[in-house]
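According to this note's numbering, the sequence shown is numbered sequentially starting from 759. Shown next, in structure tokens, is the structure this report addresses.
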Amino acid sequence: MNKREERFIVDAMLGNIVTWLRILGYDTIYWNGDDGGLIEKALKEDRIILTMDRELALNAIRNGLETFYILKNDSPEVLAELAERYGIELHFDPNMTRCPVCNAPLKFMNDKPREEWMCPNCGKRYWKGSHWKNIVKTIKDAEEKLIKLRGSI
Ligand SMILES: [Zn+2]
759 MNKREERFIV
769 DAMLGNIVTW
779 LRILGYDTIY
789 WNGDDGGLIE
799 KALKEDRIIL
809 TMDRELALNA
819 IRNGLETFYI
829 LKNDSPEVLA
839 ELAERYGIEL
849 HFDPNMTRCP
859 VCNAPLKFMN
869 DKPREEWMCP
879 NCGKRYWKGS
889 HWKNIVKTIK
899 DAEEKLIKLR
909 GSI
């Protein structure tokens, strides 16, 4: 079983990608500060940098950091590229999911009538509601794009 070992740090332009990586179970920091701080944190915590900022990407690469420079902020496409490049799992497992808001691993609540998860950090609750279909759809789109990516090599 994949343990979701890759960790990421993502620049402020890519908030949607942060949410998706957390939903898929990856420890992901959303960075709002300066470039130097981002590079320092990536170095210290061994995180892969995702950015749309060319200058930041070049700077990070010069510092020997694993960096993925994103040209187009399209969630399924970026997820497919991350799967191809880093082997991230395009598989939604609610028991692996991290809180999309604060990145803490969710806790399954086994005392509820419906399947429900709670974030032990911010207290937000999650269940299979109307957003569920969107999650499944985006992940399916990403899988299809990955197949196309692999087919074109
Ligand atoms: Zn939370």
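Every residue gets a Cβ at the ideal spot worked out from N, C-alpha and C, and that includes glycine.
Near residue i, what residues of its chain come up, given a Cβ to Cβ distance below 6 Å and the 5 sequence neighbours on each side ignored?
i, result
"Asn821", "Ile797"
"Asn879", "Cys860, Ala862"
"Asp785", "Arg765"
"Tyr884", "Trp875"
Use the C-beta contact count for residue i: other C-beta atoms within 10 angstroms, 16 or more gives buried, fewer gives exposed.
i, result
"Ile828", "buried"
"Asp851", "exposed"
"Phe766", "buried"
"Tyr807", "The sequence given here has Ile at residue 807, not Tyr. Its Cβ being crowded by 16 or more others within 10 Å, Ile807 is buried."
"Glu873", "exposed"
"Ile775", "buried"
"Leu814", "buried"
Spatial neighbours of residue i within its chain, please: CB distance less than 7 Å, with the 5 preceding and 5 following residues excluded, ordered by chain position.
i, result
"Met854", "Arg762, Gly783"
"Pro834", "Thr896, Asp899, Ala900, Lys903"
"Pro858", "Thr777, Arg780, Ile781"
Does any residue of chain C have a CB that is nearer than 7 Å to the CB of residue i?
i, result
"Arg762", "Looking at the structure shown, chain C is missing, and only one protein chain is on hand."
Under 8 Å Cβ to Cβ from residue i, same chain only, skipping five residues before and after it: list those, please.
i, result
"Asn790", "Ala770"
"Leu848", "Leu782, Leu837, Ala838, Ala841, Ile897, Ala900, Glu901, Leu904"
**Prompt:** Taking a cut-off of 6 Å, which residues have a beta-carbon closer than that to any heavy atom of ligand 3, in chain order?
**Reply:** No copy of ligand 3 occurs in the structure displayed; its ligands are ligand 1 alone.
_Just to confirm the assignment: which complete beta strand (DSSP E) runs, minimum length 3, are found wholly within the region 811–899?_
825–827, 865–867, 874–876, 883–885
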